[in-house]
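Those sequence lines, one after another, are chains A and B.
If you count the first sequence from 1, position 85 lands on 154 in my numbering, and the numbers rise without skipping.
If you count the second sequence from 1, position 102 lands on 103 in my numbering, and the numbers rise without skipping.
Below: one structure, written as structure tokens.
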Amino acid sequence: MNLVRAELERLTARRFVQLMVVLLIAAFGITIATTLASSHRPTQVEVTRAEQQAATARQEMVQAYQNCLAARAAGVQPGQDGYPANCAEMDPARSKHLPSAGDFLYQVFVFDQQIRPLLYFLIAFLMLFAFLVGASYIGADLTSGGMTNLLLWRPQRMTVLGTKLGALLGTVLVVSVLSSLLYLGAFWLIAVVGGLVGDPTATFWTDLSLTYLRGLVLVLMAGTLGFSVATLGRHTAAALGTFAGYVVLWELGARVVFEIIEVARPDQWMLSSYLGAWLVGRVEFWDNQACRPIESFCDGMYEITWRGGLLVLTLLVAGAVAASFTAFRRRDLA
Amino acid sequence: MSTVIEISGLRKTFRRLRGGAHVALDGFDLLVESGQIHGFLGPNGSGKTTTLRALLGLVRADSGRMTVFGEPAPERLPQVAGRVGAIVESPQFFGNFTGRRTLRLLAVAGGVPTSRVDAVLEQVGLADRADERVRSYSLGMKQRLAVASALLKEPELLILDEPANGLDPAGIREMRDLMRDLAAAGVTVLVSSHILAEIQLICDHVTIISRGRRVVAGRVDEVLAGFDHGEYRVRVAELDRAAELLGAAGLTVVGHPDHLVVQQVADPTAIARTLGEQGLWVREVTPLTPDLESVFLELTGTGHRSAGTGPEHTAPPDRGTGRDAGEPERVIELGPTATGSGEVPA
């Protein structure tokens, strides 16, 4: 318990962590301020007009669905009329999002429609925060001699490293939850005061909460990964270099190479695909190679679900943690 | 006296990624008993710090046996860590933390009452600067902070690796007094240093390591006595004639520009008597008692660094043992030793 206390104090007292918290708040502040500045409370005239446009759009959706059904009943083949093979995909009743007044209000922040991308931004920034803080926390300790000092006091490597990881994840979680509350609360306030709340249903809140929880898992994973890679490389820069190297060489470089040599389903080799799948529940990709040669209608789509995403990300993080703890247990410390 | 540290047959090889290996410890032995101030000497790269790191669990030894307070190290180090205070090489701290905060965090992590922080800051003379950031400290102040961190636990065993690094003369003296006070209070001290005069002043026992092996161990006075070759410096008016007379009297004489060194002298009055009887009046007859530095230089084969400037009793070229240059010249053990036996000088 003493070690946990000491590590929490050591972590929160570090300048880099404090700087990152300031940057986090600044980024959120700028996002909130920009949204606030670009939103206004709509007049009744604007609302009425938007509602009419939304009603029209909904009616058009119903019409398109009925046209699709009629075409299929008439024997028109998919691909000849621009409608999908399965008209149910166009069924307004099954649509996750029906046009609403918010879609037709301009310069108005509508909470239930615009909070999701803002939530993704929040999660992305928190992931970056966790990764950098995690890498720097252990990296600085390993290079500054802080770890050696600590091990002279507590010659229990696994306990010390585990406590550090625990302190990191605990701190990241608290910072993430607190900053999220402030961030999401600020947007709710903007919607109430200077925009529209929209029509947040129970489903909306459930989806938003699940996305947020999945995002928190990603934040903790990012922190763990930064910590583990920096431990393996004995330096903060090892984690940053690995991250930059992965993005440039694999996500960008290998993707181009895969396209040139016409590899099937290249997206399934990219971590970003699994990350997205976990966060949003399911992502679909188009496989260029699936429908060659094109002879008839072909559905080249494939999907990665949150289960696949969770599996891949968990294996990655667990592997990194296992490798870092194993290496740390055996290695000579400077 | 009970054994506090026992190391036997310690081996450690550092391997490089591109191949090649550096043997840091080659069957090293060390024995430190309760109440000793034990000096640990060796040239740069001889394995001192590696030994201390291995003992403290920071480096994994390839083989060998180590115990601290009778507990196998590093396996059962956690059980005795509370009784051991240590600094290893130049310790570094977070520059943004104050000295007091640095110590407080260590105290909290180690379950030591934070009230000890002020006491050790006072003890090492850092109380006045305790609330300044460590980055503003001089090397000597950082060294004091490191010693303070080692003292926090009120250790029964204090391991200090180069504690005088960066200290000014007054600081070195304070460190010496501190070690004496601690020893007087019953703390066993193992101290490695390059300042041989300091070791000779402070320590009652010494172990010298060279190329990863122990080359001498024992009480400091016994080690020095083992290297006393019965040499005397003689200053007299006619050096050549005096050398001739002493040689004729059966003494071994080595000539120098302004004096003679007479070796293997059992009775120094024989020198004055032999020369006086021939009308040569001796101006000076001084026994050349070895000091730790000369012993160190001779044993570790680093004497050539001070050729021409060292004391006269530094081993002359013909005193070598004919060993390979990479081998320690001799292995000597005096007093209680760890395992194995050594060769006692004649």
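Each residue gets a CB set at the ideal place from its N, CA and C atoms; glycine is no exception.
Since B/Q93 meets chain A, which of its residues come closer than 7 Å, beta carbon to beta carbon?
S213, G214
Please state whether DSSP places A/P335 in a helix, a strand or coil.
helix
Boundaries of the alpha helix (DSSP H) in which A/G98 is found, first to last residue
84-106
I want to verify the contact list: residues of chain B whose CB lies under 7 Å from the CB of A/A255, in sequence order.
In chain order: nothing, as chain B lies at least about 31 Å away.
Output needed for A/S341: all residues of its chain with C-beta closer than 7 Å, excluding positions within five of it in sequence on either side, in chain order.
E320
Hey, B/I8 and B/T51: beta-carbon distance below 8 Å or not?
no
Backbone CA spacing between A/Q358 and A/R334 [nearest angstrom]
8 Å
For A/N155, is the classification buried or exposed, using 16 other Cβ atoms within 10 angstroms of its Cβ as the cut-off for buried?
exposed
Simplified DSSP state of A/M370, which is helix, strand or coil:
strand
Residues from the segment 72-88 of chain A in contact with chain B, defined by Cβ distance under 8 Å
L72, R74, A75, E76, E78, R79, A82, R83, R84
Would DSSP call B/M67 helix, strand or coil?
strand
Within the continuous beta strand (DSSP E) that includes A/A271, where are the two ends?
Where A/A271 is concerned, there is no enclosing beta strand (DSSP E), although the alpha helix (DSSP H) it sits in stretches over 271-302.
Evaluate the contact criterion for the segment 91-111 of chain A versus the segment 224-236 of chain A: three or more CB pairs, one atom per stretch, below 8 Å.
no
To which residues of the same chain is B/L1 closer than 6 Å at the C-beta, ignoring the five residues directly before and after it?
Residue 1 of chain B lies beyond the stretch modelled for chain B, which goes from 2 to 347, so this question has no answer here.
Between the segment 60-72 of chain B and the segment 215-228 of chain B, do three or more beta carbon pairs fall short of 8 Å?
no
Could you tell me the boundaries of the alpha helix (DSSP H) in which B/A74 lies?
No alpha helix (DSSP H) contains B/A74, which DSSP labels as neither H nor E.
Buried or exposed for B/H257, going by 16 or more other Cβ atoms inside 10 Å?
exposed
Are A/L289 and A/L242 close, meaning C-beta to C-beta below 8 Å?
yes
So which residues on chain B does A/L402 lean against when the C-beta distance must stay under 8 Å?
R54, L59, V60
Any contact of the segment 198-207 of chain A with the segment 78-91 of chain A, i.e. 3+ C-beta pairs under 8 Å?
yes
Whose Cβ in chain B lies nearer than 8 Å to the Cβ of A/R399?
R61
For A/R118, which residues in the same chain have their Cβ closer than 8 Å to its Cβ, ignoring the five residues on either side in sequence?
F173
Per-residue contacts from B/G112 into chain A (C-beta, under 7 Å)
N71
Cutoff 7 Å; reference B/K13; Cβ partners in own chain excluding five residues on either side:
A25, L26, T51, A55, V60, A62, D63
Under the three-state reduction of DSSP, which class applies to A/T81: helix, strand or coil?
helix
Using a beta-carbon distance cut-off of less than 7 Å, what residues from the segment 286-305 of chain A approach chain B?
none
Is the CB-CB distance between B/R117 and B/L158 below 8 Å?
no
Using C-beta distances below 8 Å, list every residue in its chain close to A/V390, excluding the 5 sequence neighbours before and after it, in chain order.
L234, T293, S297
By the criterion of Cβ-Cβ separation under 8 Å, what are the contact partners of B/N348 in chain A?
Given that chain B is displayed from residue 2 to residue 347, the structure contains no residue 348 of chain B and the question cannot be resolved.
Just curious, the beta strand (DSSP E) that A/V131 is in, first and last residue?
Counting along the chain, A/V131 falls outside any beta strand (DSSP E), though it belongs to the alpha helix (DSSP H) covering 113-142.
Check whether the segment 229-248 of chain B and the segment 197-214 of chain B touch, using three or more Cβ-Cβ pairs below 8 Å as the test.
no
A/L72 to A/L219, Cα distance in whole Å?
10 Å
8 Å Cβ cutoff, B/F41 in contact with chain A
no
According to DSSP, is B/K154 helix, strand or coil?
coil
Terminal residues of the continuous beta strand (DSSP E) containing B/Q264?
261-264
Does the Cβ-Cβ distance between A/L88 and A/A236 come in under 8 Å?
no
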